[in-house]
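Engineer: The structure that follows is given in the form of structure tokens.
Numbering (the numbering used here), first residue to last: 11 to 351.
Next up, the structure:
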């Protein structure tokens with residue numbers, strides 16, 4: 011249930027509405043937007059008298075909320091959430107934020123060189139996998155802690171904040187001290203123990219959609235993190251599993267619009283993992299921005315043919331530079347500002 015206050019309500023009226031809701035056995039979340047103040051009921055709202063609440067002084071209307079997610083729900087938080095990154099980049103609002111880099115960190119020369127290239131092209135942050143969840147146990151699993159150290163060196167060289175994936179709660183302390191944005195991969199979207207621990211983190215969390223997850227399941231995973239106290243969640247559509255085999259996954263661009271209607275959280279798109287083919291990445295990136303994405307996660311490698319992971323879906327630094335110029339034009343058409351790294 012949400013209680014929407016009238017414009018010009020008094021502090022006494024606000025306190026009275028909150029007290030009435032709390033007397034009904036719920037916790038109250040107060041969301042003050044640019045135009046509207048909303049009181050959200052957290053917990054079982056069955057005992058709340060909707061008619062009684064609607065008659066309180068200062069209350070404009072009362073609505074029942076059917077969705078199981080509350081903190082991620084736009085009805086509780088009508089204004090878009092924005093998240094500040096180190097280095098001055100801001101995710102959300104009217105900004106377009108591009109995160110780029112290789113699927114895996116392979117060496118100091120590789121990651122630093124790519125970081126310099128993507129920053130020059132305008133990327134706001136560097137992505138790179140240190141711990142790699144692979145389908146086969148015999149595939150390259152990443153450099154682990156050494157990979158984190160190399161990402162830190164690339165950050166020192168370029169000033170770009172780093173985004174990398176966590177796989178285990180055992181590594182939380184390392185990520186909390188070294189990483190700027192913690193990524194939760196598709197395979198861990200419903201690793202609830204991990205999500206609960208990330209709810210205690212002070213770092214932004216980039217939460218990828220599960221391979222076969224519904225939008226509601228995705229938002230419920232965000233709710234796990236937010237329920238723990240961390241409201242800095244960025245959602246990332248990365249393609250879902252369908253019957254189609256031509257592409258690696260099926261990029262669900264409609265999810266951008268659906269999520270933005272249901273939630274205030276920023277939405278990124280990962281066209282690289284969605285398509286699995288480098289020649290598709292540019293067009294799908296432009297389509298994602300046209301559909302309203304707040305940012306993109308793009309795989310860039312200086313030598314895709316010899317990449318240790320996901321070379322076929324990685325574009326080169328020169329291709330990324332060209333794409334950034336195209337993205338700038340599309341961003342302006344949809345009223346967004348492209349962050350310049």
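Note that the Cβ used here is the ideal one computed from N, Cα and C, for glycine as well.
So, helix, strand or coil for residue 157, using DSSP?
Structural biologist: The residue given as residue 157 occupies position 147 in the chain shown. Shown here, residue 157 sits in a helix according to DSSP, grouped into three states.
Engineer: Once the 5 residues before and after residue 88 are set aside, which same chain residues still bring their CB inside 6 Å of it?
Structural biologist: One-based indexing of the chain shown puts residue 88 at position 78. 43, 46.
Engineer: If you reduce the DSSP assignment to three classes, tell me which class residue 346 lands in.
Structural biologist: What you label residue 346 is simply residue 336 of the chain shown in a count that begins at 1. Residue 346 falls in the coil class under three-state DSSP.
Engineer: Residue ranges of each beta strand (DSSP E) run of no fewer than 3 residues wholly in the region 232-268, ordered along the chain?
Structural biologist: 243-247
Engineer: Beta-carbon separation of residue 269 and residue 304 under 7 Å?
Structural biologist: Numbered from its first residue, the chain shown carries residue 269 at position 259. Numbered from its first residue, the chain shown carries residue 304 at position 294. Pairing residue 269 with residue 304 gives a Cβ-Cβ distance that is not under 7 Å.
Engineer: Quick check on this structure: which residue in 235, 73, 242 has the alpha carbon closest to the alpha carbon of residue 213?
Structural biologist: Counted from its first residue, the chain shown places residue 213 at position 203. Considering only alpha carbons, the answer is 242.
Engineer: Taking Cβ to Cβ, would you say residue 85 is nearer than 7 Å to residue 75?
Structural biologist: One-based indexing of the chain shown puts residue 85 at position 75. One-based indexing of the chain shown puts residue 75 at position 65. Yes.
Engineer: Leaving out the 5 sequence neighbours to the left and right, which residues in its chain are closer than 7 Å to residue 345 when beta-carbon positions are compared?
Structural biologist: As a first step, residue 345 must be located in the chain shown, where it is residue number 335. Cβ neighbours of residue 345 beyond the five flanking positions: 104.
Engineer: Who does residue 136 pair with in a DSSP beta bridge?
Structural biologist: As a first step, residue 136 must be located in the chain shown, where it is residue number 126. In DSSP, residue 136 forms a bridge with 110, 172.
Engineer: What residue range is occupied by the uninterrupted alpha helix (DSSP H) comprising residue 129?
Structural biologist: Translated into the one-based positions of the chain shown, residue 129 becomes position 119. Judged by DSSP secondary structure, residue 129 falls within the alpha helix (DSSP H) whose first and last residues are 118-131.
Engineer: Run the CB neighbour count on residue 80, radius 10 Å, all protein chains shown included, and call it buried at 16 or more, exposed below.
Structural biologist: For the purposes of this step, residue 80 is identified with residue 70 of the chain shown, where counting begins at 1. Buried is the call here.
Engineer: What residue ranges within the region 43-115 form continuous beta strand (DSSP E) runs of no fewer than 3 residues, ordered along the chain?
Structural biologist: If we require 3 residues or more, the beta strand (DSSP E) runs fully inside the region 43-115 come out as 47-52, 69-73, 105-111.
Engineer: Should residue 95 be labelled buried (16 or more other beta-carbon atoms within 10 Å of its own) or exposed?
Structural biologist: Translated into the one-based positions of the chain shown, residue 95 becomes position 85. Buried: at least 16 other Cβ atoms inside 10 Å.
Engineer: Between residue 300 and residue 22, what straight-line distance do the alpha-carbon atoms span, to the nearest angstrom?
Structural biologist: Indexing the chain shown from 1 puts residue 300 at position 290. Indexing the chain shown from 1 puts residue 22 at position 12. Whole-angstrom Cα-Cα distance: 45 Å.
Engineer: Can you tell which of 253, 285, 255 has its C-alpha closest to the C-alpha of residue 263?
Structural biologist: Against the chain shown, residue 263 aligns to sequence position 253. Comparing Cα positions, the closest option is 285.
Engineer: Would the region 174-183 and the region 196-204 be scored as touching if the rule is three or more Cβ pairs under 8 Å?
Structural biologist: yes
Engineer: Can you tell me where the alpha helix (DSSP H) with residue 185 in it begins and where it stops?
Structural biologist: As a working mapping, residue 185 is identified with position 175 in the chain shown. Start and end: 182-188.
Engineer: Taking the beta strand (DSSP E) that residue 192 belongs to, which residues open and close that run?
Structural biologist: Here residue 192 refers to the residue found at position 182 of the chain shown. Where residue 192 is concerned, the enclosing beta strand (DSSP E) stretches over 191-194.
Engineer: Would you kindly work out how many angstroms separate the C-alpha atoms of residue 19 and residue 38, rounded to a whole number?
Structural biologist: For this step, residue 19 is matched to residue 9 along the chain shown. For this step, residue 38 is matched to residue 28 along the chain shown. Using only the alpha carbons, I get a separation of about 17 Å.
Engineer: Within 8 Å, do at least three Cβ pairs link the region 220-234 to the region 157-172?
Structural biologist: no
Engineer: Three or more C-beta pairs closer than 8 Å, one from the region 55-70 and one from the region 241-260: is that the case here?
Structural biologist: no
Engineer: In angstroms, rounded to a whole number, what distance separates the CA positions of residue 154 and residue 348?
Structural biologist: Start at 1 with the first residue of the chain shown, and residue 154 comes out as number 144. Start at 1 with the first residue of the chain shown, and residue 348 comes out as number 338. When rounded, the distance between both Cα atoms is 32 Å.
Engineer: Put residue 177 into one of helix, strand or coil per three-state DSSP.
Structural biologist: Locating residue 177 in the chain shown gives position 167, counting from the first residue. Looking at residue 177 - three-state DSSP - the assignment turns out to be coil, as it is neither helix nor strand.
Engineer: With H, G and I counted as helix, E and B as strand and the rest as coil, what does DSSP make of residue 305?
Structural biologist: Within the chain shown, residue 305 is the residue found at index 295, counting from 1. Residue 305 falls in the strand class under three-state DSSP.
Engineer: By the three-class DSSP mapping on this structure, what secondary structure does residue 212 have?
Structural biologist: The residue given as residue 212 occupies position 202 in the chain shown. Reduced to three states, the DSSP call for residue 212 is coil.
Engineer: Pop quiz: residue 334 and residue 93 are said to be a contact at Cβ under 8 Å. What is the actual Cβ separation, rounded to whole angstroms?
Structural biologist: Your numbering for residue 334 matches position 324 in the chain shown. Your numbering for residue 93 matches position 83 in the chain shown. At roughly 21 Å, the Cβ-Cβ gap does not stay under 8 Å, so residue 334 and residue 93 are not in contact.
Engineer: Pop quiz: residue 112 and residue 282 are said to be a contact at Cβ under 8 Å. What is the actual Cβ separation, rounded to whole angstroms?
Structural biologist: In the chain shown, counting from the first residue as 1, residue 112 sits at position 102. In the chain shown, counting from the first residue as 1, residue 282 sits at position 272. With a Cβ gap of about 10 Å, residue 112 and residue 282 do not count as contacting.
Engineer: Quick one: is residue 297 near chain C, going by C-beta distance under 7 Å?
Structural biologist: Although the question refers to chain C, the structure presented lacks it and comprises just one protein chain.
Engineer: Would the beta-carbon of residue 217 fall within 7 Å of that of residue 194?
Structural biologist: On the chain shown, residue 217 is found 207 positions in, with the first residue counted as 1. On the chain shown, residue 194 is found 184 positions in, with the first residue counted as 1. Closer than 7 Å, so yes.
Engineer: Would you list the residues sitting across from residue 218 in a DSSP beta bridge?
Structural biologist: Along the chain shown, read from residue 1 onward, the residue named residue 218 stands at position 208. Answer is 246, bridged to residue 218.
Engineer: Between residue 279 and residue 306, which are expected to be in contact by the criterion C-beta below 8 Å, what is the C-beta distance as a whole number of angstroms?
Structural biologist: Along the chain shown, one-based indexing puts residue 279 at 269. Along the chain shown, one-based indexing puts residue 306 at 296. Going by Cβ atoms, the distance from residue 279 to residue 306 rounds to 6 Å, so yes, they are a contact pair.
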